[in-house]
Every structure is written in structure tokens, then in C-alpha cells.
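Note sheet for the following structure.
There are 2 protein chains.
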Amino acid sequence: MASRTLYSLCGTDQARPFSPHCWKAVLSLAHKGLDFEERPLAFTAIPGVENGFSKTVPILRDGDELVKDSFEIALYLDEAYPDLPSLFNGEGGKALARFVESWSQTQLHPAIVKIAVLDIHEMLDEADRTYFRDSRKAFFGKTIEEIAANREDEIAAFPAKLEPIRRMLGYQSFLGGDAPLFADYIVFGALQWARVTSKADLFKPEDPVRQWFERCLDLHGAKGRSVTAA
Amino acid sequence: MASRTLYSLCGTDQARPFSPHCWKAVLSLAHKGLDFEERPLAFTAIPGVENGFSKTVPILRDGDELVKDSFEIALYLDEAYPDLPSLFNGEGGKALARFVESWSQTQLHPAIVKIAVLDIHEMLDEADRTYFRDSRKAFFGKTIEEIAANREDEIAAFPAKLEPIRRMLGYQSFLGGDAPLFADYIVFGALQWARVTSKADLFKPEDPVRQWFERCLDLHGAKGRSVTAA
Chain A
1 MASRTLYSLC GTDQARPFSP HCWKAVLSLA HKGLDFEERP LAFTAIPGVE NGFSKTVPIL
61 RDGDELVKDS FEIALYLDEA YPDLPSLFNG EGGKALARFV ESWSQTQLHP AIVKIAVLDI
121 HEMLDEADRT YFRDSRKAFF GKTIEEIAAN REDEIAAFPA KLEPIRRMLG YQSFLGGDAP
181 LFADYIVFGA LQWARVTSKA DLFKPEDPVR QWFERCLDLH GAKGRSVTAA
Chain B
1 MASRTLYSLC GTDQARPFSP HCWKAVLSLA HKGLDFEERP LAFTAIPGVE NGFSKTVPIL
61 RDGDELVKDS FEIALYLDEA YPDLPSLFNG EGGKALARFV ESWSQTQLHP AIVKIAVLDI
121 HEMLDEADRT YFRDSRKAFF GKTIEEIAAN REDEIAAFPA KLEPIRRMLG YQSFLGGDAP
181 LFADYIVFGA LQWARVTSKA DLFKPEDPVR QWFERCLDLH GAKGRSVTAA
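Structure below.
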């Protein structure tokens, strides 16, 4: 058994973990070549593990260490395992990964919430559905049906949001340059979240961003393909 | 006399260089602590220097070396002067700066063009006005008056475009972390272009992005303040 456990998020089907932040952590561990056991949890099960260490996943248990938050986990992994391939390639890469995270959280995540919120609700068990409805209502001030009201418009508007990635791909194959870094996993996590939960098609076949996303799905033994598209 | 010359861009007033890309190069040279003479040129004067080396500025002449393009200049400076403060802080920082550039070019620049295009035109001499009108018409398929048609809407929509920077500033003082890197100068260049050419107010006084911009204006002997706001 692996000495490492990654607590992640799922609905009734434990084989379909979907959290964007947990996918970032999954690819980060795979990038470092570290063995781990993934334990997908229902939303309402999170406070019950590791003595309520965190209200959110991912949570990484690595021997005696306990780390939460995907960015913190990536920083921890690079510090704890400096001889394994870096997730940041230097201090500049670390600082700018925070900008990539901020871009993804403010530009991609709000759109994907609107696109996928009803699909995510469908994936949950009864207790989680109640929690999900109530917590979204508290956060957005809207029912999940209201959040999803302009879903088709959001899908149509989505490709334009990826324009910064598209332009960058004219220079290099990954955000990290010739090879992926944590910054790639940040954006991958958002799109994988959409892929696993929703049937919405977010880019055209010939879109360079789709080609980059397919390359990311192939990484580390095609880890991202271990869960099929919705 | 400095052995380095930076060719940049101006209108009739040589004391008001305004190109975003040239400002990136100015702060990059200042970041490295390198002396240089700035030679602001009219658009139509660019092909006449350095035997028509480049159709665009910035152009850096450093002894026998001739380099064009702001990103190439930053890469050149870090390679030629590895012992002076780095503009990228490692390979990860270099790769992700390209994403920052792609974000700025696709999200900020098109908006600033619409906001400032008539102001820029006003700054030019007759020959440059004709060149400017014709080249914008060829590129955008619109007259400069048409480009500026929704100027007020663009100004109102601008602060939201800075949201990725705003969120990142909750974690750190600069894109580069505790101190600025070339990635900061990329975004600074866009906002300085707006500041020098246009009276449009692009953020509220209490906006953390304005505070970051003011910090950038103060850098390297307040180089950015050597030209006053429009």
C-alpha cells in the first residue's frame, strides 16, 4: 500500500472524481513520479477524514505530513522531493503560477460552474445534493437552476476565454515551455472538471487548445484518461 | 555616452514615448541596471534606422548586437548579463512570462487600442497620421473613428479585465513575487501606454491593481514617472 493518500471529490460513482483542484494534485503527484492512493469522497464526507483537517479537498497525507489546497500541495511536493522533476522550475515559475491560478479561477471557473452545475448535482447522492444546493445558494445567492440559466450562452462564449492559451501555444507546447509544469495542471484541472461532469463541447477539433488538452490527458501514463468523458 | 541605444516610439513630442513594448524594454534595461540612451522615433522613421533592421520598435543596439522585439530583448539581456538581476528567475519564469504576454496582448491591448487610438493619432505629425490611419485600417478593417466608437463602454469594462491581477495581488506584491520580473513590465507596459496617451481612468483609487501600478511607476528611480500622465 502506498504511504501517500490523496483525498479527492466524487459523486455516487467513486470511479469518477471530478474536482478541478484535486486533478491538479493528481497530476502533480504523477509529475513527481510518486505513488499514492486516491480516496474520492462525497462533499459531506470531507469533514470526517483526518480529524476534520480541512473543509475542502484535495488533502494530501504523506506519512506524517498533512497538506491541503492544490497550490500548497504542489509547493510542498517540490520542497519535500527536490530531486524529482520540479513542478515550477524556479522561483519565477512559482510566482507566475499564481497568476495562472488567478486567471483560471476568475476567467474559466465561473463559466464552468454555470455550464456544469446541474450535471454535477446529478452525480451526487441525496445528502450531497442538499449540501450542494444550499452551499451554492449561500455563495452565489442563486439556485443552481438560476446559475445554469444561460448555460448555452456560456458554452458559446467559452472558446474566446481560452485565447491567452491559444496565443501562447504559437510559441511553445505547454505553459511550462517544452514540457508541462504545475501551471499546465492548473488549467488542465479546470477543463478536466468540465470533461468529467459535462457533455458540453468547449472547443473545436482543430483548436490548438484542444490539442494541448489532449497532450495533457496523455501525460504520466494517460492519468487524465483514467476517467472517461461524460 | 552610453554604448547602448534603445529605439522607441513617440509622436511630435520626443519627451513622451508611449509604446507599450518599448516601455517593457525600458524597464528591463533599468531592472538590469544598464545605462542606455533612448531614441524615440516617429512610426515612419523606424525603417530609416539601423539599415532597416526592423519595421517595429523596440530595437536595442548593444555594442555590436542588434535585437528587436521586447520579449527577445529581455531574453537577450538575461543571457548577455547573467550576473545582473534576472528578468525571469529561472526557466519556469521564462515560459510563464509568455503566457502573461499572451494574456496582456489578447485581453488588455485590444481594449486600450479602442480607448486610446484617437489620442495617439492626435500626438503624431502629419506623415505619421497618414501612416497610422492607413495601417490601422488595413489591420482592423475600420477607420480609427470606428475603432473608438464604443470608447466609453471599453473604459467601463476595463477594470474587470484586470481581475486576474487583482486576485493574484492577494498573494504577492508583484507578478514576480516579492519583487518585479519581466512579467510585471509586460502588464505595466500596457497600462503605461494608456497612461501616457489617454486621460481615461482605468481603475478606482483603492483598486489593488492601481496600487501595484503605482509601485511599478516608482521602480528603478521612478523611471515610469519620467513621462507624466496625459
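Taken in sequence, the protein lines are chains A and B. Mapping of the first sequence onto full-length UniProt numbering: position 140 corresponds to residue 140, and the numbering continues sequentially without gaps. Mapping of the second sequence onto full-length UniProt numbering: position 130 corresponds to residue 130, and the numbering continues sequentially without gaps. Positions of the beta carbon are idealized from the N, C-alpha and C atoms, including for glycine.
Mind checking if F99 of chain A is an interface residue toward chain B, Cβ cutoff 9 Å exclusive?
yes
Report yes if the C-beta distance between F182 of chain A and A45 of chain A is below 9 Å; otherwise report no.
no
The alpha helix (DSSP H) with R210 of chain A in it runs from where to where?
P208 to A222
Chain-ordered neighbours of L60 of chain B on chain A, where CB pairs are closer than 9 Å:
Per Cβ cutoff of 9 Å: no residues; L60 of chain B is ~20 Å from chain A at best.
Unbroken beta strand (DSSP E) run spanning S8 of chain A, endpoints:
R4 to L9
G63 of chain B - DSSP class collapsed to helix/strand/coil
coil
Determine the burial state of F132 of chain A: buried for a count of at least 16 other Cβ atoms within 10 Å of its Cβ, exposed for fewer.
buried
Alpha-carbon spacing of M1 of chain B relative to E37 of chain B, whole angstroms
Unreliable positioning characterises M1 of chain B in this predicted model, as indicated by a pLDDT of 49, which lies under 50. A coordinate reading is not provided.
Alpha carbon to alpha carbon, what distance is there between L169 of chain B and D62 of chain B?
35 Å
If you run the structure through DSSP and keep just helix, strand and coil, what is L84 of chain A?
coil
Do we get a CB-CB distance below 9 Å when we pair K114 of chain A with the residues of chain B?
no
Given this structure, state the Cα-to-Cα distance separating D125 of chain A from K68 of chain B, to the nearest angstrom.
59 Å
Have a look at A:H31, A:N150 and A:I112 and flag the residue whose alpha-carbon is nearest the alpha-carbon of I73 of chain A.
A:H31
At which residues does the alpha helix (DSSP H) containing R167 of chain A begin and terminate?
E163 to M168
Simplified DSSP state of R16 of chain A, which is helix, strand or coil:
coil
Starting from the beta carbon of S102 of chain B, find every residue of chain D whose beta carbon is closer than 9 Å, and list them in chain order.
The structure shown has no chain D; the protein chains it does contain are A and B.
What are the residues of the segment 71–98 of chain A that lie near chain B, defined by any Cβ-Cβ distance shorter than 8 Å?
S86, F88, N89, G90, E91, G92, G93, K94, A95, L96, A97 and R98
Please go through the same chain and pick out, in chain order, the residues whose beta-carbon is closer than 7 Å to the beta-carbon of D78 of chain B, but skip the five residues on each side of it.
S86, L87 and F88
List the endpoints of the continuous beta strand (DSSP E) containing L41 of chain B.
E37 to L41
Distance between L66 of chain A and L34 of chain A (C-alpha atoms, nearest Å):
16 Å
Can you give me the C-alpha to C-alpha distance between A222 of chain B and R210 of chain A, rounded to a whole angstrom?
43 Å
Taking 9 Å as the threshold (beta carbon to beta carbon), is G189 of chain A in contact with chain B?
no
Helix, strand or coil at K68 of chain B according to DSSP, with G and I counted as helix
strand
Give, in chain order, every residue of the segment 181–213 of chain B whose Cβ lies closer than 8 Å to some Cβ of chain A.
L181 and A183
Please determine, among A:F53, A:S8, A:Q172 and A:C22, the residue with the shortest C-alpha to C-alpha distance to P208 of chain A.
A:Q172
Spatial neighbours of A127 of chain A within its chain, please: C-beta separation below 6 Å, excluding the five flanking residues on both sides.
T44
Any beta carbon from chain A within less than 9 Å of L175 of chain B's own beta carbon?
yes
Say whether chain A places a C-beta atom closer than 9 Å to the C-beta of residue 244 of chain B.
The requested residue 244 of chain B is not part of the displayed model; chain B covers only 1 to 230.
Assign P180 of chain B to buried or exposed, taking buried as 16 or more other Cβ atoms, counted over all protein chains shown, within 10 Å of its Cβ.
buried
In angstroms, rounded to a whole number, what distance separates the CA positions of L27 of chain A and E163 of chain A?
24 Å
According to DSSP, is F203 of chain B part of a helix, a strand, or is it coil?
coil
Residue closest to G93 of chain A, alpha-carbon to alpha-carbon, out of A:F71, A:T106 and A:V113
A:F71
Using beta carbons (cut-off 9 Å, strictly below), is F56 of chain A in contact with chain B?
Inspection of the sequence shows that residue 56 of chain A is occupied by Thr rather than by Phe. Judged by the 9 Å Cβ criterion, T56 of chain A is not in contact with chain B.
Identity of the residue in B:R39, B:E152 and B:G224 nearest V187 of chain B by Cα
B:G224
Secondary structure of F174 of chain A, DSSP reduced to three states:
strand
Look at the alpha carbon of A200 of chain B and the alpha carbon of S198 of chain A, and state the distance between them as a whole number of angstroms.
41 Å
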